[in-house]
Every structure is written in structure tokens, then in C-alpha cells.
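Written below as C-alpha cells is the structure these notes are about.
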Amino acid sequence: MDWSAYFDEERPVAIPNTEDVFNVYMAGSEGPVVFCLHGGGYSGLSFALAANQIKGKARVVAMDLRGHGKSSTSDDLDLSIETLTNDVIAVIRTLYGDPPPAIILVGHSMGGSVAVHVAARRAIRNLHGLVVVDVVEGTAMASLIHMQKILLNRAQHFPSIEKAIEWSVKGGPLRNIDSARISIPSTLKYDESKECYTYRTPLEKTEKYWKGWYEGLSDKFLSCPVQKILLLAGTDRLDRALTIGQMQGKFQMIVVRHTGHAIQEDVPEEFASHILNFISRNKIGPNGVEIPGLIKKWQQ
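First residue of the sequence shown? That's 557 in this note's numbering, and the numbers climb one at a time after it.
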């Protein structure tokens, strides 16, 4: 499956005065920009099926983060939260200048943490929304001690891309074979010495950065000065800070049923509808929200 069935353009974004070139996939020509950040070990094509559903009403940009997909940088193993955050800000500024069009940041898992950090930095003018997909500080921090074992226990080598796709839905992280066919090839590389495919991103070598992805994430998310949604694949994933924040109405939580961790891949139509409803409800248009104080009045 080719990206061009879902996106309109694939573009290398060279960051001025660096060796870094980030690959982005783009779809749609009108409306606000839904800027998508994938999880660790995934790629921008994780959002392909959802982009196809969104692009009629809004623009979609899905970026290959550092060390992932087709992006190439001076240090692909530097997955520190500070570096990833700076990368995203640099790509948005290089693509759009300042100010950019109205932007909604969408981030899955590790990418959700990056999205929160970008929003909290307040470095992107015209940022009007934040959508975090299935990542919660409490759960993530508790699971870090098991992460190396999880990475070690997954299939490490594949004789063909087809076998990797098959494993991803039978024993791996995905449940939707249609999404796996488009997204999994971009997460692999061919190992000449072993004559097989292995992972493009050696996550096991980035352990020193993992804690930084999630530490303090809940408070940072709650403090972001934009409209917020937390999409979860299960109700038991809220930590104390988020539970209190939700009771105080600081963000909207949506629990998506019948899905695994990669909500945008497993149920792309439902995922897209939540994004489009969020844009519509918060009156996020080509010129952004002109009078933010009126948002609640519009909803009544």
C-alpha cells in the first residue's frame, strides 16, 4: 500500500542551519492544520487512514519524528523530550513561518507527550487545540520498568515485510490489517548482514530518555492554555491529577471502545470523527478562534 492513496504529498523539511531533514506527509488544502505526532517506533503513516477521513474538512500534516520513518538527523538516537519538542517547533516554523495557520496538535503515546510539551512551551502562535491519544503519566511511568522486557519479547526480525505486517496484527500492537499494510513498512529497515527486516528505530537504545517523556506530563497537560481532549483506549488509565482535572472540567475525556493502544490505526473513522467534532465544536477555522472567550457560549 502506498502513502499516496491517503496523503496528497510527501515533503522533506530541511531545518535551516542544521543537518536535520524531517519527512512529512500532507493532505487537504483548506481549514485548520491537524498536526500529527506518532508514538515511539511508529511513523507518520500511523495516521494515514485517519488523514483520509479528515482531509475533506481540514488539512493534515503527519511528521516522521527524529529517528523514525524517512527523517534523518545528525543524531537519530537523541530522543530526549527537549530535542523532540524543538524538532516539532522547527518543522512548523519552517513549513508555515510565523504566524502559522490555526493548528491542532495531535499526539499518540510518546508523540502525545511531545505535543503537550510543544503546547506548554507556548512557542506556536495560533495553536488552538491539543489532542492526546492514549498516554497518561501515571500508567506510563509505572510501565517503564517493564519496557525493555516488552521490547525484547517482540519479534525482532522478519523474512519479509508481509510477515512483519502479519505479526503486527496477530502478536504486535495493531488490530487493523488495512492500517498495518500502510504503516508497518515505514517502521522497518533491511538488515543486509542478516538478510531480513528489523526495526528502523532501536528504541531499546533510548532508555535514558524514557522517564523524561512522561514525568510531570499530567500537570503540564492540564496547564496547557488551549482546548484539550484525551482519547483513551480504557477507563482505568487516568492518574490522580487527571481524575481531578477532569472533574474540574479542564479537558474532555473520550473512551474509545474495541481498540488497542494505537486508536488512530485501529478505528480510524471513529478517531477522525472525534478530531472533526473537536474542530467544529470549538469553532476552529482557517483564521483560528477569533474570540476565545466565546467558545463556551457557542456550546450552550
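All C-beta atoms, glycine included, are put in the ideal place defined by N, C-alpha and C.
Candidates G816, V577, A818, Q808, of which the one nearest N833 by Cα: Q808
For the alpha helix (DSSP H) that V647 lies in, which residues bound it at each end? 637 to 652
Here's a check: name, in chain order, each residue in its chain whose Cβ is nearer than 6 Å to the Cβ of H624, leaving out the five neighbours to either side. S599, T757
Beta-carbon proximity list for A606, same chain, < 7 Å, skipping 5 on both sides: Q820, P824, F827, A828
According to DSSP, simplified to helix, strand and coil, what is P572? coil
8 Å Cβ shell around R677 - same chain, five flanking residues per side excluded: T641, I645
Per DSSP, which one or two residues make a beta bridge with R615? V589
Quick one: grab the DSSP three-state call for H594. coil
Hey, quick one: how far does the beta strand (DSSP E) through Y870 stretch, first residue to last? An answer regarding residue 870 cannot be provided, because it is not within the stretch 557 to 856 covered by the chain.
Just how far apart, CA to CA, sit S669 and I717? 29 Å
A828 bridges to which residues according to DSSP? Paired residue(s): none; A828 is not in a bridge.
Pick out the complete beta strand (DSSP E) segments inside the region 746 to 794, 3 residues or longer, and give them in chain order. 752 to 755, 783 to 788
V782 versus P715: straight-line alpha-carbon distance, rounded: 46 Å
Do you know offhand how far K860's Cα is from I680's? With the chain covering only 557 through 856, there is no way to say anything about residue 860.
With G625 as the anchor, note down where its alpha helix (DSSP H) starts and where it stops. Where G625 is concerned, there is no enclosing alpha helix (DSSP H), given that its DSSP letter is neither H nor E.
Look up F714 in the DSSP assignment and say whether it is helix, strand or coil. strand
Residues near R615 by beta carbon distance below 8 Å, same chain, minus five either side: M582, A583, G584, S585, E586, G587, P588, V589, V590, P657
Checking 8 Å against the spacing of the C-beta atoms, do L708 and D822 come in under that value? no
Could you check the C-alpha separation between F777 and I733 for me, to the nearest Å? 32 Å
Taking 8 Å as the limit between beta carbons, can you name the residues of its chain near Y770, skipping five residues before and five after? S669, V691, E693, A696, M697, L700
I need the straight-line Cα distance from Q802 to Y746, nearest angstrom please. 45 Å
Beta strand (DSSP E) segment containing M582, residue limits: 577 to 583
Are the beta-carbon atoms belonging to L621 and H594 less than 8 Å from one another? yes
At which residues does the alpha helix (DSSP H) containing I819 begin and terminate? 819 to 822
Could you compute how far the alpha carbon of H814 sits from the alpha carbon of L788? 11 Å
Helix, strand or coil at I701 according to DSSP, with G and I counted as helix: helix
Can you grab the Cα-Cα spacing for the pair M703 / P568, in whole Å? 32 Å
For H673, the first and last residue of its enclosing alpha helix (DSSP H): 666 to 677
If Y549 sits next to G596, beta carbons under 8 Å apart, how far is it from one beta carbon to the other, in whole angstroms? Lying before the first or after the last residue shown, residue 549 is absent from the chain, which here runs from 557 to 856.
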